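Following: one structure in structure tokens, then a few remarks.
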Amino acid sequence: MTKVAQAETGLPSIKNPFDSLQISIPGMKRFNDAQKCSDDPSKLCVGWIGEYIAGIYNYAIGVVGILATITMMIGGVIWLTAGGNSSRIGEAQAWITSSVTGLLIALTSYMILYQINPDILKVFDGSLRIQFVEKVPDKEPLSTEGNPNNSQDCNNCVTLASGRYKDGNMINSDIAAKLNTVNTNGINWIVSEAYPPASQHQSKCHYNGMCADIGIRSDATCENVTKLIAGFNGAGFKVLNEFQGCGGIGTTYATGGHLHISL
1212 MTKVAQAETG
1222 LPSIKNPFDS
1232 LQISIPGMKR
1242 FNDAQKCSDD
1252 PSKLCVGWIG
1262 EYIAGIYNYA
1272 IGVVGILATI
1282 TMMIGGVIWL
1292 TAGGNSSRIG
1302 EAQAWITSSV
1312 TGLLIALTSY
1322 MILYQINPDI
1332 LKVFDGSLRI
1342 QFVEKVPDKE
1352 PLSTEGNPNN
1362 SQDCNNCVTL
1372 ASGRYKDGNM
1382 INSDIAAKLN
1392 TVNTNGINWI
1402 VSEAYPPASQ
1412 HQSKCHYNGM
1422 CADIGIRSDA
1432 TCENVTKLIA
1442 GFNGAGFKVL
1452 NEFQGCGGIG
1462 TTYATGGHLH
1472 ISL
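Letter by letter, the sequence shown follows residues 1212 to 1474 in the numbering used here.
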């Protein structure tokens, strides 16, 4: 039965791959589950690669030991049957020397690699770290404010004057009246989207004319954005700043910098 490596609370669960290995290593123990890194709780420490390589290493040491024993036995047989022939004795000694040398290299390979570069061996200590990336919800949560019944009909709307809008020419009459009272501080602005909406929105008030987006026609500096926000606040509007370069937030379906206004 395949088990799942359950990380500590707040971190994801990761399937332990031991049961689905394409090539299993005889004698290898089951992989340890992924754990939260002790020195960095935002990461999971996964030692599966190191444990797999360590299993191969241990298995290889056993194979090398068997081969070395067979090689020494071959050397011994050659020596025993040499009959005093110095050439045959030299050949036997070469077999035995080679097998012992190979076995020593295999047994001390970890130490040799450590002396060359200790970082080579870090894969054995479970140092593979997986950054835990928290799922980020929509920056602009679904909102039914101004449109609790999810209506698609414009609520008591009037038509905006020509030249005052870009997309959608209708808006709630109360909003339209307050738009005429906004102190623009000399900033050239436009209703960039009214009713009907030209794009998708998380705020459902866009679908019944109870809110709108405001854009700056030119010179959209942060100073002008701040002044415009103050002007709309002063006229009684609630303002959501979506000019990300000027302290605003990025919303789910935003297509550019603007102010979202509602009553």
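We put the beta carbon where it would ideally sit given N, CA and C, even for glycine.
All figures in this text were calculated on a predicted structure; none of them were measured in a lab.
Asked                                                                                                         : Found
Distance between beta carbons of THR1282 and TRP1306, contact taken as under 8 Å                              : 6 Å
Coil, strand or helix - TYR1464 by DSSP                                                                       : coil
Beta-bridge partners of ARG1340, as assigned by DSSP                                                          : CYS1256
Inter-stretch contact at 8 Å, needing at least 3 Cβ pairs: the stretch 1376-1390 / the stretch 1415-1430      : yes
Beta-carbon separation (whole angstroms), SER1473 vs CYS1416, contact threshold 8 Å                           : 6 Å
Beta-carbon proximity check, ALA1388 vs LEU1371, cutoff 8 Å                                                   : no
Reduced DSSP category for SER1403 - H, G, I as helix; E, B as strand; rest coil                               : strand
Secondary structure of LYS1449, DSSP reduced to three states                                                  : strand
Residue ranges of each alpha helix (DSSP H) within the stretch 1274-1320, 4 or longer                         : 1297-1318
TYR1270 and ILE1236 closer than 8 Å at C-beta                                                                 : yes
Status (buried if at least 16 other CB within 10 Å, exposed otherwise) for ASP1230                            : exposed
Touch test, the stretch 1285-1302 against the stretch 1263-1277, Cβ-Cβ under 8 Å, three pairs minimum         : no
Helix, strand or coil at ILE1398 [DSSP, three-state]                                                          : coil
Presumed contact (8 Å Cβ cut-off) between ILE1427 and ASN1399, rounded CB distance                            : 7 Å
Cutoff 7 Å; reference ALA1409; Cβ partners in own chain excluding five residues on either side                : ASP1378, GLY1379
Of the listed residues GLN1363, GLY1286, VAL1369, nearest to GLN1411 (C-alpha basis)                          : GLN1363
For ASP1349, three-class secondary structure by DSSP                                                          : For ASP1349, the predicted model reports a pLDDT of 46, less than 50, meaning its position is unreliable and no value from the coordinates is stated.
Assumed close pair ILE1460, VAL1450 - CB separation to whole angstroms, cut-off 8 Å                           : Their Cβ separation, rounded to whole angstroms, is 12 Å, which puts ILE1460 and VAL1450 out of contact at 8 Å.
ASP1424, buried or exposed, once every other Cβ within 10 Å from all chains shown has been counted against 16 : buried
Boundaries of the alpha helix (DSSP H) in which ILE1386 is found, first to last residue                       : 1384-1390
ILE1341 beta carbon less than 8 Å from that of LYS1254                                                        : yes
Cutoff 8 Å; reference THR1466; Cβ partners in own chain excluding five residues on either side                : SER1410
Nearest-angstrom Cα separation, counted from CYS1256 out to SER1249                                           : 9 Å
Beta-carbon proximity of ARG1299 to ILE1285, cut-off 8 Å                                                      : no
Buried/exposed call for VAL1436, threshold 16 Cβ in 10 Å                                                      : buried
Where the beta strand (DSSP E) through GLY1374 begins and ends                                                : Unbroken run through GLY1374: none, as it is neither H nor E.
Coil, strand or helix - GLY1426 by DSSP                                                                       : strand
Any C-beta of chain D under 8 Å from that of GLU1302                                                          : Absence of chain D from the displayed structure is noted, only one protein chain being present.
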